[in-house]
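Q: Shown below is the structure under consideration.
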């Protein structure tokens, strides 16, 4: 009897498709999550669902067909539209199940559900949909909202929409990340309903309903894990709808001003309603009433100052904006904002005075230093520009500050003097224990940036250096101090190996290769070979390390 070959199930996609969709990094991570996949199902042809357990429990949906392979996961990376490691894990698990499927098991068969539903009479369809809604709260909510907003002669049922809105957006305790995504779905449904009402000209109702929705969401977010931003993303549509509806409806400007300020003072983390978005419906009358009420608020908190700033910007009142900003001068940026406001108003002398006052109080505010340097350079005041950069460096030494100091000093011929003074300032700071560590790091970084490698090496041997600095020193001294550079590379490679892990091994192999190349160029390869032989002997049991070394040609 002739042997008939057993048919092998053909997978709908391949591991290569998953690699192409995810990229090598996510694909490699996904391979480590195969045991975390659960509840794998293919209830519909071309749609695979599962959950993956990681830092949280993530829902994954894979879709495949003529258009290719697509994945959706509610993890933070997947929410950004990426084909993540969880999608890879589900895909690989599904492929494994296809390979293990009996050859005589039917494959995916496309069933025309829409055609079946169309064949039902209306009563059967109503019963079927009612049963589905009874078992699916989300579907029930969507259908109820659609029914309430449908204009069946008497117009949409605003009271019913209001009732559904309150029930959907009011929370009863803490919502975790998955609960937040469910809540975000309710917000999206409400926004869709109100958009349809707005398009139908029901602006007064939309003002009321969207305002209620924003208030409920603002309260709810105080006890919700919306770290993915799902709720606030969906809620932005409601913010836009409310402002649009206020502009389109016959709004009382005084009532709107009262509502807006009351909402803002409630202190919700979200949404941040801005008076500028309501300037048109408020008009002069509403803005004046808002200003009167805001002046009566005696609370000394950042929110009130922020509201005063927004109001002054809408009123285009420079003095009022400066007054609001000067209420909190505990940080240098406030002075800079005042200087910018006055500059934009053409009051440049006042702006410069404020910037100078601010820099005197906050010499470590780099943006004030930038502003003053720009102004002084434009006015031909090079010495003043150098003085600002010197004070900035003295208050907070850094490589960037040193570079800016020398750039300013070069214009006046004081480059060498300031360079010498800067290094001396650091050496003086090194003599005092509280500032020793930071000053040492900055000194060596400056010497490295200036390519003064030998001097930097001497300082590092005396004062110490970070691992990153030692490697930069080794790179800079490969020709002048080759044996010392080799010792440094090998020492840092040993330190990496003790941390274990493939990434650490790969970096260690790179350093060992650099040490070998340095020793060959300087004709001191015997020194490197001895250290390398000792290293391999000490770590011969680490197979992944051996593989990394072999990959770099280190045998």
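Residue numbers (my numbering): 45 to 599.
All C-beta atoms, glycine included, are put in the ideal place defined by N, C-alpha and C.
#1: Bridge partners for residue 102 per DSSP, in chain order?
#2: Can you tell which of 204, 497, 261 has the C-alpha that lies nearest to the C-alpha of residue 219?
#3: For residue 503, which beta-bridge partners are listed by DSSP?
#4: Within its chain, find whatever has a CB closer than 8 Å to the CB of residue 556; leave out the 5 residues flanking it on each side and keep chain order.
#5: If you draw a straight line from the C-alpha of residue 487 to the C-alpha of residue 525, how long is it?
#6: Between which two residues does the alpha helix (DSSP H) harbouring residue 131 extend?
#7: Can you name, in chain order, every residue of its own chain whose Cβ lies under 8 Å from the Cβ of residue 539, other than the five neighbours on each side?
#8: Could you tell me which residues DSSP pairs with residue 219 in its beta bridges?
#9: Sort 439, 408, 410, 452 by Cα distance to residue 424 and report the nearest one.
#10: How big is the Cα-Cα spacing for residue 349 and residue 369?
#11: Given this structure, state the Cα-to-Cα distance separating residue 52 from residue 77, to the nearest angstrom.
#12: Hey, how far is the Cα of residue 135 from the Cα of residue 242?
#13: For residue 164, count the other beta carbons within 10 Å of its own beta carbon; 16 or more makes it buried, fewer makes it exposed. Which is it?
#14: Are the region 309 to 324 and the region 248 to 266 touching, with three or more C-beta to C-beta distances below 8 Å?
#15: Return the Cβ separation of residue 98 and residue 80 in integer angstroms, given the expectation that the two are a contact with Cβ distance under 8 Å.
#16: Express the C-alpha separation of residue 560 and residue 567 in angstroms, rounding to a whole number.
#17: What residue ranges within the region 174 to 248 form continuous alpha helix (DSSP H) runs of no fewer than 4 residues, ordered along the chain?
#18: Using DSSP with H/G/I as helix, E/B as strand and the rest coil, what is residue 450?
#19: Please state if the CB of residue 324 and the CB of residue 291 are separated by a distance shorter than 8 Å.
#20: Comparing C-alpha positions only, which one of 209, 82, 117 sits nearest to residue 141?
#21: Please check the pair residue 584 and residue 541, which I expect to be a contact at CB under 8 Å, by giving their CB distance rounded to whole angstroms.
#22: Below 8 Å, how does it come out for the region 225 to 241 and the region 277 to 287: are there three or more Cβ pairs, yes or no?
#23: Measuring straight from C-alpha to C-alpha, what distance separates residue 276 and residue 299?
#24: Does residue 45 pass the burial test, meaning 16 or more other C-beta atoms within 10 Å, or should it be called exposed?
#25: Under 8 Å, with one C-beta from each stretch per pair, do the region 374 to 390 and the region 336 to 348 reach the 3-pair mark?
#26: Give every residue of the same chain whose Cβ lies closer than 8 Å to the Cβ of residue 409, excluding the five residues on either side of it in the sequence, and list them in chain order.
#27: Once DSSP output is grouped into helix, strand and coil, what is the label at residue 585?
#28: Following the continuous alpha helix (DSSP H) through residue 290, name the residue where it begins and the one where it ends.
#29: Which of the three DSSP states, helix, strand or coil, is assigned to residue 296?
A: With the structure as the only source:
#1: 96
#2: 261
#3: According to DSSP, residue 503 bridges with nothing at all.
#4: 533, 534, 537, 576, 579, 593, 596, 598
#5: 20 Å
#6: Counting along the chain, the alpha helix (DSSP H) containing residue 131 begins and ends at 129 to 143.
#7: Closer than 8 Å at the Cβ level, and outside the excluded window around residue 539, lie 511.
#8: 268
#9: 452
#10: Going by the C-alpha atoms only, they are around 7 Å apart.
#11: Note that residue 52 scores 47 on pLDDT, short of 50, meaning its location in the model is unreliable and no value can be drawn from it.
#12: 43 Å
#13: exposed
#14: yes
#15: 6 Å
#16: 10 Å
#17: 181 to 193, 202 to 213, 221 to 243
#18: helix
#19: Yes; because the gap between Cβ atoms is below 8 Å, this pair is in contact.
#20: Comparing Cα positions, the closest option is 82.
#21: The pair is not a contact, with the Cβ atoms about 12 Å apart (cut-off 8 Å).
#22: As far as the Cβ criterion goes, the region 225 to 241 touches the region 277 to 287, which means the pair count is three or higher.
#23: 26 Å
#24: With a pLDDT of 43 at residue 45, under the threshold of 50, the modelled position of that residue is not reliable, and no figure is offered here.
#25: no
#26: 375, 376, 377, 379, 380, 402, 403
#27: coil
#28: 274 to 292
#29: coil
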